[in-house]
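2 protein chains.
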Amino acid sequence: MSHVAACLVCLSVVLTGGTGLLTPRFPRPKGPVLRSEYSYDTKYFTQPVDHFSFATSDTFDQRYLINRKYFEGDGGPIFFYTGNEGDITWFGDNTGFMWDIAPKFKAMVVFAEHRYYGDSMPYGKDSYKDPRHLGYLTAEQALADFARLITHLKSSIPGAADSPVVAFGGSYGGMLAAWFRMKYPSSVIGSLAASAPVWQFEGLTPCGSQYSIITQDFQKGSPGCDTRIRKSWDLLNQIGQTAAGREKLSSMFSLCSPLNTTKDVTVTMTQWLLNTWFNLAMVDYPYPASFLEPLPAWPIKEVCSLITKSLDVLEGIAAGATLYYNYTGQATCLNIQESAVSSLGDLGWSFQFCSEMTMPSCSDGVHDMFFPEPWNLTAYMAQCKSAWKVTPRPYWILQQFGGKNITAASNIIFSNGLLDPWSAGGVTESLSDSLVAITIADGAHHLDLRSSNPADPQSVIEAREQEVEIIREWLQQYYSGL
Amino acid sequence: MSHVAACLVCLSVVLTGGTGLLTPRFPRPKGPVLRSEYSYDTKYFTQPVDHFSFATSDTFDQRYLINRKYFEGDGGPIFFYTGNEGDITWFGDNTGFMWDIAPKFKAMVVFAEHRYYGDSMPYGKDSYKDPRHLGYLTAEQALADFARLITHLKSSIPGAADSPVVAFGGSYGGMLAAWFRMKYPSSVIGSLAASAPVWQFEGLTPCGSQYSIITQDFQKGSPGCDTRIRKSWDLLNQIGQTAAGREKLSSMFSLCSPLNTTKDVTVTMTQWLLNTWFNLAMVDYPYPASFLEPLPAWPIKEVCSLITKSLDVLEGIAAGATLYYNYTGQATCLNIQESAVSSLGDLGWSFQFCSEMTMPSCSDGVHDMFFPEPWNLTAYMAQCKSAWKVTPRPYWILQQFGGKNITAASNIIFSNGLLDPWSAGGVTESLSDSLVAITIADGAHHLDLRSSNPADPQSVIEAREQEVEIIREWLQQYYSGL
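Taken in sequence, the protein lines are chains A and B.
Under this note's numbering, the first residue of the first sequence is numbered 149, with each subsequent residue one higher.
Under this note's numbering, the first residue of the second sequence is numbered 149, with each subsequent residue one higher.
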């Protein structure tokens, strides 16, 4: 049984024990889109597949979404979302903060899709065929796409030639926003990197920190909640040993497919539950939301309430999981294979995780409520090579983007919700006057990028105010320097 | 007749009229190496051919030269030369400044060879075969090589783990040194970019500036020198029309091969002379040196003296050219095809010039002593495509490295000799407290990087003192921050 949390917006890349199979889950919106009034035109811009070499002259069309409703020309600002691992329309719909503040800044709003996701496929249906086609799916290439797209926008849109650009991104998109300012400071005057675990790499952050944070979230959710989850693993292992036990479990969790083997319990089901608690910690928002699944406000509290009020530990766990997966009551059963169902977004991130995004994670069952699972670089390398036929470069991101030595950069806001497991690998203390950390005590995964909500805790209200203030300063600096 | 000055250390890429053939010249040392006491070990480090993608997993061995004689460990500094378009031993031998100051800084000295030059061939003899093999010859890939090599050095050499690294480079190597600090500030605490024409790109610098500077150099060389050169082009065109005239010219210049056609004169010979004057302006050093050719001190003065004292204009030109090509008296004839003889260094730069290093140059015969030759981007694109089967990306370097918008960077010294034509595209005014321009009134092409010499003019002595002082400050800042 092993796990490696890696995929960013929601989730964990699961290295299921023994099989060497990488089965990442990727967020797929299930509920209604939050704000259908976000309107944009969909456009495409031709990019070289390889910006850094001339071995291929292939090109592809990158999709981007653009709204010029508030932009009045005359060098007004451009708010530019550095798209991450998924369909860009989903990020467009889930990044309400940009839409909320664009009118007051008279900003153009652009969401740029990340290559190899959504509709931005360099080789169409063959894009994921093999390393020769897929190998250009890297952060560096994506950043270069953004730089060229910005030049195109500024040179082709009337009144935008001198427009300052501010980058926004959440999660892996936040990493890209930060790295974009580091590498292309002539393209963007500053970046808001929300919940960007830029330090979740080899040697920078203790690999178990994410699971400690999740454990704290559940501790706070309800007294004894974490203890019950901690107990659940042994109980599952025990009950999974017998056919009768597995039948009981299948029924208790209303599983779509019965648990046939011990491994179905000790590997697949425990991994599924681990992912469930990980995801809950990411989306522990203060109001009902549908980021990964439709959920009530403060879902950990709700789930923990169910977990702790049950007399039986596993029945409590089942009730908690059911809330996460079936809050709307529309599901007739729970599917523990769900984390193994791959969308293209999952696949893409799995490849990135297996090539340059070596983001270790581990649990020990002591400092967290999970089970012992060390980070094993050797196994990771072997499994990635087997799965994707590429050799990961675990240290390259450190060299490319500086690791913890990034104070030569400027004008980056690193915001982190402290409920979010990914805050473990984030920058949570300011590094300089212009590398500003903002922590949101009651925030989960990039809560600040979401649209404002009456239920917002004071901490995210203040964070957004501070962000707006800093962006305003960047713009003032820019305009005063013209 | 057309010319495009482009190749950096010496010379011009010649687009010979009509043929579309790119025939760059590259500096090949002809005289003895200046300082044979520069000693180093030759080592190799394995690099990925492609740092930014996973489409290929090919690797190659990058050569580097290393001297640890003065390095005492304990985090002492590393002086790192970012190798440019040629055999690294030649840069090692011609960058005396690093050797001169290494002892006082107790610095390790490293010269890193640029991929696809010297002994650092990614695909051995096939490296230049076609774009599929040669396409990885880009500045971005070279910078990534440097970053990985530095990590390797620091992690493998005792006492170097915390060593600050200072980059040095001249000409294209200076561009790389500057860009290296911009893109990899965690790898180097600062860079000395000597005679680095980082602004000799589309739209940043008037394309004729280089030729104006050359003209000024010859004006100063001797009264009337530039006037005589200016007159020579028409005279050559006239005399080249007849067989008798060509015979006379062949004899006057002691050419190895007779001038057979008008084009031999109006294209090949005029281009050869243009290159000759361009090169002289680059190597107008205050003491005898053998950077491109063995030459006396202040060679332009010597050449101009011959040009102006002759009663006949063309005889004066012939005498001047002869001094440049045969100062040692060992040549029995002059070879105007010389600029078409390709070494691998020439070829590599020609490819770089034709892929991402679009560095326009032009002359008009009005603001310079040459003949009208506009910069023609369309023709450049077509000729490059024909010659190398790649489509140039004329604007990419601007987007990649920020064009004139580079003030987000820090700790770069841009030094320029004002006699040097390449200073036209250099940074000659400080951009901030830590982007410092140093101009050397009496300096030709990166004179400051050469070893100190009793004949050094005061301007280069002061420039080097200032450079040492700034490097000392960077080191103090670094050590005080540990």
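Even for Gly, the Cβ is constructed at its ideal location relative to N, Cα and C.
Item to complete: Taking only the alpha-carbon atoms, compute the straight-line gap between A392 of chain B and H199 of chain A and give it to the nearest angstrom.
Response: 54 Å
Fill in: I387 of chain A (DSSP reduced to helix, strand or coil)
helix
Worksheet item: Looking at the unbroken alpha helix (DSSP H) that takes in D596 of chain B, where does it start and where does it end?
Response: Taken as a continuous stretch (DSSP letters only), D596 of chain B belongs to no alpha helix (DSSP H), as it is neither H nor E.
Worksheet item: If you follow the beta strand (DSSP E) that S563 of chain A is part of, which residue opens it and which one closes it?
Response: 560-565
Worksheet item: Which of the residues in the stretch 268-301 of chain B, read from start to end, lie with their CB under 7 Å from any CB of chain A?
Response: P279, R280, G283, Y284, T286, E288, Q289, A295, R296, T299
Worksheet item: What runs of the beta strand (DSSP E), each 3 residues or longer, lie entirely inside the stretch 299-368 of chain A?
Response: Complete beta strand (DSSP E) runs here, min 3: 313-318, 338-342.
Discussion item. Applying the 10 Å Cβ sphere with the 16-neighbour rule, what's the burial state of T390 of chain B?
Written reply: Exposed, by the Cβ-count rule.
Discussion item. Within 9 Å of any Cβ in chain B, is that where the Cβ of I226 of chain A sits?
Written reply: no
Discussion item. Within the continuous beta strand (DSSP E) that includes L285 of chain B, where are the two ends?
Written reply: Premise fails: L285 of chain B is in no beta strand (DSSP E) and is neither H nor E.
Worksheet entry | Residue span of the alpha helix (DSSP H) that contains Y626 of chain A, given as start and end | For Y626 of chain A, the enclosing alpha helix (DSSP H) begins and ends at 606-629.
Practice prompt. Pull up the distance between the alpha-carbon of P406 of chain A and that of T476 of chain A, whole angstroms please.
Written response: 23 Å
Practice prompt. For E261 of chain B, count neighbouring Cβ atoms within 10 angstroms of its own Cβ and tell me buried if that reaches 16, exposed if not.
Written response: buried
Worksheet item: Quick one: which chain A residues come within Cβ less than 9 Å of G550 of chain B?
Response: Y332, P333, S334, S335
Worksheet item: Does any CB atom of chain A fall closer than 9 Å to the CB of R651 of chain B?
Response: Residue 651 of chain B cannot be examined here, being either before or after the span of chain B that is shown, 149 to 630.
Practice prompt. Round the Cβ separation of A445 of chain A and A589 of chain A to the nearest angstrom and send it over; I've been treating them as touching at under 8 Å.
Written response: In fact, because the Cβ distance is near 17 Å, the residues do not count as touching under 8 Å.
Discussion item. To test your reading of the DSSP string, which unbroken alpha helix (DSSP H) runs of 4 or more residues are found completely within the stretch 365-436 of chain B?
Written reply: Secondary structure within the stretch 365-436 of chain B: the alpha helix (DSSP H) runs of 4 or more consecutive residues, fully enclosed, are 373-387, 391-400, 418-430 (chain order).
Worksheet entry | chain B residues whose Cβ lies nearer than 7 Å to that of A203 of chain A | P279, R280, G283, Y284
Item to complete: Could you tell me which of B:N559, B:L546, B:R612 sits nearest to L352 of chain B, measuring between CA atoms?
Response: B:L546
Discussion item. Across the stretch 205-225 of chain A and the stretch 213-225 of chain B, are there enough close Cβ pairs to call them in contact, namely three or more that are closer than 8 Å?
Written reply: no
Worksheet item: Whole-angstrom Cβ separation of N385 of chain B and T414 of chain B, contact assumed at under 8 Å?
Response: 5 Å
Discussion item. Looking at the strands, I want to know which residues DSSP matches up with M256 of chain B.
Written reply: B:I226
Worksheet item: Is T204 of chain B closer than 9 Å to A203 of chain A when the C-beta atoms are compared?
Response: yes
Fill in: As assigned by DSSP and simplified to three states, the class of F501 of chain A
helix
Fill in: chain A contacts from the stretch 517-542 of chain B (Cβ-Cβ distance under 8 Å)
V538, T539, R541
Worksheet item: Going by other Cβ atoms of all chains shown within 10 Å of its Cβ, with 16 needed for buried, is H594 of chain B buried or exposed?
Response: buried
Worksheet item: For T555 of chain B, which residues from the same chain have a beta carbon less than 8 Å from its beta carbon, with the 5 sequence-adjacent residues on both sides left out?
Response: L579, S580, L583
Worksheet item: Whose C-alpha, out of B:L462, B:T194, B:R211, B:D206, is nearest the C-alpha of Y188 of chain B?
Response: B:R211
Worksheet item: Is it the case that the Cβ atoms of V258 of chain B and L324 of chain B are separated by a distance below 9 Å?
Response: no
Worksheet entry | Beta-carbon neighbours of F200 of chain B, restricted to chain A and to distances below 7 Å | F200, T286, E288, Q289
Discussion item. If contact is defined by three or more beta carbon pairs under 8 Å, each pair taking one atom from either stretch, is the stretch 328-342 of chain B in contact with the stretch 518-535 of chain B?
Written reply: no
Worksheet item: Taking just the CA atoms, how far does P371 of chain B sit from V608 of chain B?
Response: 25 Å
Discussion item. Suppose you measure from the CA of Q531 of chain A to the CA of L285 of chain A; what does that come to, to the nearest Å?
Written reply: Rounded to whole angstroms, Q531 of chain A to L285 of chain A spans 19 Å at the Cα level.
Worksheet entry | Same chain only: Cβ atoms within 8 Å of W347 of chain B, ignoring 5 sequence neighbours per side | T353, G551, K552, G573, G574, V575
Worksheet item: Just curious, the beta strand (DSSP E) that N215 of chain A is in, first and last residue?
Response: Counting along the chain, the beta strand (DSSP E) containing N215 of chain A begins and ends at 207-215.
Worksheet item: Name the residues in the stretch 554-573 of chain A whose C-beta lies less than 9 Å from a C-beta of chain B; which are they?
Response: I554, T555, A556, A557, S558, N559
Worksheet item: Using the beta-carbon of each residue, which ones in chain A are nearer than 9 Å to S360 of chain B?
Response: Simply none; closest approach about 28 Å.
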